[in-house]
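Okay, structure first, notes after.
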C-alpha cells in the first residue's frame with residue numbers, strides 16, 4: 004500500500020503545472036459536491052422517517068422513480084443547449100436555492116418538523132425525499148460527466164484514485180460534522196440541528212459554480228479535450244450542426260450493448276445497496292434512542308465509509324487499475340462485495356450489518372465509482388451526459404425500486420414463514436444478482452479494452468456529408 008501511495012504522488016509530480024492545476028481544481032470542486040451530498044443523503048432518510056415513517060421508504064423510492072422521468076427529459080433538453088460547465092452550474096444554483104427554501108420549511112409549524120404527527124399524507128416529507136433523490140443524477144452525475152469529458156483513459160488510470168481520495172475528504176468532514184452536531188452534548192434543539200444540516204449543504208453547493216468558473220479560468224483549454232477521438236467526433240458533429248435529440252441518451256442506451264452493460268453493473272449494485280440500506284434503517288432505528296441518536300448513527304456510518312473509501316482510493320485504486328487493468332477490476336468488485344454480503348447473512352447482527360454496510364459503500368465510493376466512471380470516457384457526449392443521466396436517475400431508481408420490492412417481499416416471507424426462510428431467500432437473491440453482475444463485468448471489460456486499443460468512439464454514428 005505504501006508503494007502504491009508513493010507511485011501516485013510521484014506520478015502527480017511528473018505532471019506539468021497546468022496538469023496539476025487541472026487535477027487540484029477538480030478535487031477541490033468535487034470535494035464540495037461530495038461534502039454537500041453526504042449530508043443530504045443522510046438527511047433524506049432521517050427527515051422522511053421522522054415525518055412520514057420508515058415503513059414508507061420502499062414506496063418513496065418507487066414514487067421518485069416516476070417523478071424523476073420528466074426531470075430527466077428536461078435535463079436532456081438542457082444538455083443540447085448548454086456547455087458542459089454551464090449545465091453543472093445551473094443545477095448547482097438550482098439545488099442550492101431549493102435547499103434554502105427547504106431549510107425554512109423544515110421549521111414551519113404545520114408543514115415541517117414541529118408537527119410531530121407522523122403520517123403518509125404529509126406531502127412535505129415525500130417532496131423532500133424526491134428532491135434529495137434527484138441530487139445524485141443532477142449534481143453528482145453531472146459532475147462525473149464533466150470530469151469524464153475532460154480526462155483521457157490514461158489520465159483516468161493515473162489520476163482517478165487521487166481524485167476520489169480528495170473528494171472523500173469532503174465526505175469525511177461533512178459526515179463528521181453531522182455526527183458531532185447530532186450528539187446530545189450540543190445544546191441546540193433537534194429542529195435547529197436538522198435545519199442547519201439542510202442549510203449547510205445548500206450553501207456548500209452554491210460554491211460549486213464559483214469553483215467551476217475558477218477552474219475554467221485557470222486551466223488551459225487544450226487540457227479540457229479528454230479522449231481525443233471523442234472530442235474530434237463532437238467537433239465534427241458541431242460543424243455539421245447535428246444535435247442529438249431529446250431521447251438520444253435512452254436511444255443509445257437501448258441500442259448500444261456497451262452502454263447497456265454500464266447500466267447493468269450499476270443496476271446490480273444499486274439493487275443490493277437498496278436491500279442493505281433498508282436493513283440499515285430498520286436496525287439503526289431499533290438500536291437508537293430518539294431521532295437525534297438515529298441520525299447520529301446514520302452519520303457515523305457515513306463517516307466510516309467515507310474514511311475507508313478515502314484509504315481505498317488513496318492506496319488501492321490506482322494500484323489495482325495499474326496492476327489488474329479495468330477488465331479484471333470490474334470482475335473483482337462483485338466477487339468482493341459478494342463475500343461481504345454472505346458474511347453478514349452468516350452472522351446476522353447489527354454490528355455485522357454496520358460493518359458490511361460501511362465496507363460495501365466504501366468499496367463503491369473508493370473503487371467501483373472511479374472504475375465504472377472511466378468506462379464513459381471512450382463514448383460520445385450523448386452517452387456521457389444523456390445516457391448517464393438516464394442510468395444514474397431512472398436506472399438507479401429503478402434498481403432501488405426493485406430492491407425495495409424485494410425488501411417488501413422478504414418481510415412478508417419472514418412474517419409468514421420465519422427467519423430461516425427469510426435468510427434463505429436473501430442467499431438465493433444475492434447469488435443470482437452477483438452471478439449476473441460477474442458475467443456482465445467480463446463482457447463489459449473486454450469491450451472497453453478493445454475500444455481503447457482501437458481508438459474507437461463508442462456510440463458514434465457515421466456523420467452525414
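Numbering (the numbering used here), first residue to last: 4 to 468. By construction, the Cβ of each residue, glycine as well, lies at the ideal position given by its N, Cα and C atoms.
Item, Value
"Classification of residue 146 by the beta-carbon crowding that lies within 10 angstroms, buried from 16 upward", "buried"
"Under the three-state DSSP convention, the category residue 382 falls into", "strand"
"9 angstroms Cβ cutoff met for residue 81 and residue 71", "no"
"CB contact flag (residue 267, residue 440, <9 angstroms)", "yes"
"CA-to-CA distance, residue 115 to residue 25, given in whole angstroms", "42 angstroms"
"Local Cβ density within 10 Å of residue 186, reported as buried at 16 or more and exposed below that", "exposed"
"Cross-strand partners of residue 461 (DSSP beta bridge)", "382"
"Distance, residue 107 Cα to residue 414 Cα", "37 angstroms"
"Where the alpha helix (DSSP H) containing residue 111 begins and where it ends", "Taken as a continuous stretch (DSSP letters only), residue 111 belongs to no alpha helix (DSSP H), as it is neither H nor E."
"Reference residue 27, options 50, 168, 318, closest by Cα", "168"
"Proximal residues to residue 205 (C-beta, below 6 angstroms), its chain only, five neighbours per side dropped", "99, 102, 103"
"Coarse secondary structure for residue 136, derived from DSSP in three states", "helix"
"Range covered by the alpha helix (DSSP H) that runs through residue 161", "156-184"
"Nearest candidate by alpha-carbon position, reference residue 3, set 410, 442, 46", "The question about residue 3 has no answer here: the residues shown for the chain are numbered 4 through 468."
"Three-state class that DSSP yields for residue 53 in the structure shown", "helix"
"CB contact flag (residue 64, residue 136, <9 angstroms)", "yes"
"Same chain, Cβ closer than 7 angstroms to residue 425, neighbours up to 5 away in sequence not counted", "413, 416, 417"
"Simplified DSSP assignment, three categories, for residue 121", "coil"
"Residue burial classification, residue 309 (beta-carbon count within 10 angstroms, cutoff 16)", "buried"
"Residue from 198, 334, 56, 95 with nearest C-alpha to residue 111", "198"
"C-alpha distance - residue 333 paired with residue 458, whole-angstrom precision", "21 angstroms"
"Assumed close pair residue 335, residue 327 - CB separation to whole angstroms, cut-off 8 angstroms", "7 angstroms"
"Contacts around residue 406, its chain only, beta-carbon distance under 6 angstroms, and the 5 residues preceding and following it disregarded", "274, 277, 278"
"As assigned by DSSP and simplified to three states, the class of residue 207", "helix"
"Beta-carbon proximity check, residue 351 vs residue 313, cutoff 9 angstroms", "no"
"Length of the line joining the Cα atoms of residue 295 and residue 315", "30 angstroms"
"Alpha helix (DSSP H) segments (min. 4 residues) lying fully within the region 389-421", "399-420"
"Where residue 352 sits in the DSSP three-state scheme", "coil"
"Cβ shell of residue 227 (< 7 angstroms), same chain only, five flanking positions each side left out", "153"
"Rounded straight-line distance, which links the Cα of residue 225 to that of residue 21", "10 angstroms"
"Of the listed residues 339, 58, 117, 324, nearest to residue 196 (C-alpha basis)", "117"
"Residue 306 and residue 179 closer than 9 angstroms at C-beta", "yes"
"Neighbour-count burial assignment, residue 463, 16 or more Cβ in a 10 Å radius", "buried"
"Three-state class that DSSP yields for residue 373 in the structure shown", "helix"
"Contacting residues, own chain, Cβ-Cβ under 6 angstroms from residue 121 (five flanking each side not counted)", "56"
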